[in-house]
Each structure stands twice: as C-alpha cells, then as structure tokens.
Amino acid sequence: MPNKPSTTDDLGSFTAPALLVLASLADGPKHGYAIMQEAERLSRQPLGPGTLYAALARLERRGLIEALPSDDRRRPYRLTKLGASTLEAQLGQMRTFASRTLGRLEGEAV
Amino acid sequence: MSPHRLVGLYPAAWRKRYQEEFIALLEERPVQLRDVPDIVWGSIDARLSASLRSGPAGTFERFTGLAAISAGVVLLGTVLLIAFVPTDVYLEGWGHASAGGTLFYPLAFFGSLGIHWRQARVRPNLAWPAWMALVLGGFLGSSSVGLSMWGGGIPASDFGPLQAIGLWVGSAAIGAAVLAIGAFPRLIGLTFIIGSALAMIGTIAGESFSGSDFLAALSRGGVAIYALGWIATGISLQFAGRNNDGWAGAPA
Chain A
1 MPNKPSTTDD
11 LGSFTAPALL
21 VLASLADGPK
31 HGYAIMQEAE
41 RLSRQPLGPG
51 TLYAALARLE
61 RRGLIEALPS
71 DDRRRPYRLT
81 KLGASTLEAQ
91 LGQMRTFASR
101 TLGRLEGEAV
Chain B
1001 MSPHRLVGLY
1011 PAAWRKRYQE
1021 EFIALLEERP
1031 VQLRDVPDIV
1041 WGSIDARLSA
1051 SLRSGPAGTF
1061 ERFTGLAAIS
1071 AGVVLLGTVL
1081 LIAFVPTDVY
1091 LEGWGHASAG
1101 GTLFYPLAFF
1111 GSLGIHWRQA
1121 RVRPNLAWPA
1131 WMALVLGGFL
1141 GSSSVGLSMW
1151 GGGIPASDFG
1161 PLQAIGLWVG
1171 SAAIGAAVLA
1181 IGAFPRLIGL
1191 TFIIGSALAM
1201 IGTIAGESFS
1211 GSDFLAALSR
1221 GGVAIYALGW
1231 IATGISLQFA
1241 GRNNDGWAGA
1251 PA
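Protein chains in written order, with our numbering: chain A, 1 to 110; chain B, 1001 to 1252.
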C-alpha cells in the first residue's frame, strides 16, 4: 500500500529549504555538503548550514528522509517512500500553480 | 569562529544526534561570516522546536510539580518573612523558620517523586540511586534548613554535624542527579548546589561570627536560591520533559 503523501505546510519558515533538500535527494543519497551544493545549484541561492540542518532534522522527524549507515563522519541521507511521494505531490501542486498562472498571463496578453 | 564553538550553541540532544556530521560539514566548507547568524538562528530553532515538541505533562507530574512549587514558595516566603519582618524576639524568628522547614519537607518530598518520575523515564539505571540520594539528603538537610534561614548566631549545641553537612550533601545530591541525568534544565541543578552551599557557608561561619549581618544575608540568600530551584523544578514538571530521544535516531 503506497504511503500517503505528507504535507510540508507544518515546516514553518523552513518549508522552502525542506523542499530544496527533498529535491536535492531526488536522484540519490547525499551527505550534508553535497545537499547544500545541489540545493544552491537548483535555487541559485546560498543555503546556510544552520538552515540546512534545521530542515534535515524536521524532514527526518517526519519520516520524509532517512540517514544511512556510514563509516565516515559525513552521514548520507536518502528520500523515504513517503518523502518521494510528498515531493511528487508538492511538485505537482507547483506545476498546477505555474500552468494556471501562465494561462492567466497568456489570457491577459491576448 | 571555530565549528566546535558554533555547534556548542545547539541543545545537547541535538548535538548527540547531529554534531559529528555538522562539524564535518563546517570543516569541509569553511564557515563564512554570513553563516554565523544562520547557525545562531538554527540553534535557536533547535531549542524552540525541542520545547514545542515536549507538549503537556501527565497528571502525576503536574501534581508533584505543584508540590515542588509550593515547597519553594513556602521556603522563599519564610526566608523573606524572617529577613524583612522585624522581630526582636529570638524564639519568634526561630519559630517561623521551624514552621517553614516543617511544611517544606513533605511538600518537597512529593515534589521529589515528580523529579524521580521524570528521571526514571530518561535514565532508569541512574534514577533509583539518584532518588535514594535525594530522599536521604533531603531528610538530612531539611532539619538544617530552618537553621540556615534563621542565619548566623546559632548556638553550636543546636547545630550538630549531621545537620551541618545534611543541607549541602542532600541538596548537592539533588543537584548532581539533575545535572547527571539531564532530565531538567542544568540551571535547576546549579541552584540546588550553589544555593545550599551558600546557605551552609553562611550558617556555619555564623556560628563563629555571631550577629554578622553579612553571614545572615549569605545564608538566607542561599536558601532563597535553593527555594527558587524548587519553584523552577515545579514549573519544569508542568511540561513534559525533554529526553535524549528527542531527535530522530541515526544508524551506526
């Protein structure tokens, strides 16, 4: 039975960084520094270490990501099934929002 | 600023879970000036979210918390009464202290049950010895609480060695257990240790320098700090405690 997508609404001021972290992990597990680099590449905005770990802690607590065993001090994280479905649902909402807004703009332009 | 100093801003439970990888990140990507406020904000968020997740306490903790608050209020009220209500009658001052100490002990005993309840959930292996030390120390110390509040000039014959060490040993045991188990804020443990130490120093020295206002104020101030420790314990018991599992576990 597939996991019901969670919501990121209760992530407070860390909603946007949390989405970036989920997006960064979409193509496979990454440790903190790699997540930070990928998030910065995706958003073209710097992601501070304090913000990153606040988002990681929230996502891990909600079961959206999980830490993997590591011999290194750097601990990799990966999306859980719930995290993947939540990311998919969030991106779907964004796509709907974007297409509707673009439709309005195009309608106005005509 | 060094990574170790910055990570020290975070609460202990958070550090237990994330410290190593966070420091590894800060070593891999050297800290920039703009990171400092970001990390400070992250540490505040970690503390706030830990408090918010604690939620309301159970009935037993709230009840024993009220007892602890009452114990602190009785003790604080008594010491203020003795300090600021003028009395020329030797026995009257002693009577206030004695009544306050008598009322304080049963209230503090019930409060101690709440402390034990909280500590047993966090570190069961340490909680029983801590509670035994707490009750024994409380029993030994309570008989000298009244003497400390009265402050200075106590005849040596009224102040046995058991009472003298009881107050500090008992209270230090409470404080040490609070610090060791970590189920309560560290400040509470420190108020028990420091408050009782000041009270003991002021009281014992008061024997040698009878009538010293400074020593009387020192011992009363010590008891006041100790009383505030009980009030803070009671307030803390009104909220479910932080525990070491507050942050999600990590694989080895």
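Cβ coordinates follow ideal geometry from the N, Cα and C atoms, glycine included.
If you check the CB distance, R1220/B and V1073/B do not come in under 7 Å. Between A1205/B and L1198/B, the gap from beta carbon to beta carbon reaches 7 Å or more. Between L1179/B and G1189/B, the C-beta gap is smaller than 7 Å, which places the two residues in contact. Against chain B, the CB of A54/A has a partner CB under 7 Å away; the residue lies at that interface. Pairing L59/A with A18/A gives a Cβ-Cβ distance under 7 Å. Taking a C-beta distance under 7 Å as the contact criterion, R74/A and E1061/B do not qualify as a contact pair. Residue range 1059-1084 is occupied by the alpha helix (DSSP H) that includes A1083/B.
Out of L1076/B, G1182/B, A1083/B, Q1019/B, the CA that lies nearest to the CA of W1230/B is found in L1076/B. Using beta-carbon distances, P17/A does not count as an interface residue toward chain B, since no partner is under 7 Å. Here the alpha carbon of T86/A sits roughly 18 Å from the alpha carbon of K30/A.
In this structure A1130/B does not touch A1068/B by the C-beta definition: roughly 16 Å separates them, more than the 8 Å allowed.
L25/A counts as buried, since at least 16 other C-beta atoms from the protein chains shown sit within 10 angstroms of its C-beta.
Between the C-alpha atoms of D1035/B and V1223/B there is a straight-line separation of about 44 Å.
CA-CA distance, S1070/B to R1017/B, rounds to 37 Å. Burial of D1038/B is indicated by the presence of at least 16 other C-beta atoms within 10 angstroms of its C-beta. F1184/B carries a coil assignment under DSSP once its states are collapsed to helix, strand and coil. For S1043/B, the C-beta contacts it makes with chain A under 8 Å involve G50, in order along the chain. Where R61/A is concerned, the enclosing alpha helix (DSSP H) starts and stops at 49-61. Contact check for R1047/B against P1003/B fails: the beta carbons are separated by 7 Å or more. By the Cβ-count criterion, G1008/B is exposed, with fewer than 16 other Cβ atoms from all chains shown falling within 10 Å of its own Cβ. Of the residues L47/A, D71/A, D72/A, R104/A, the one whose Cα lies closest to the Cα of T15/A is L47/A.
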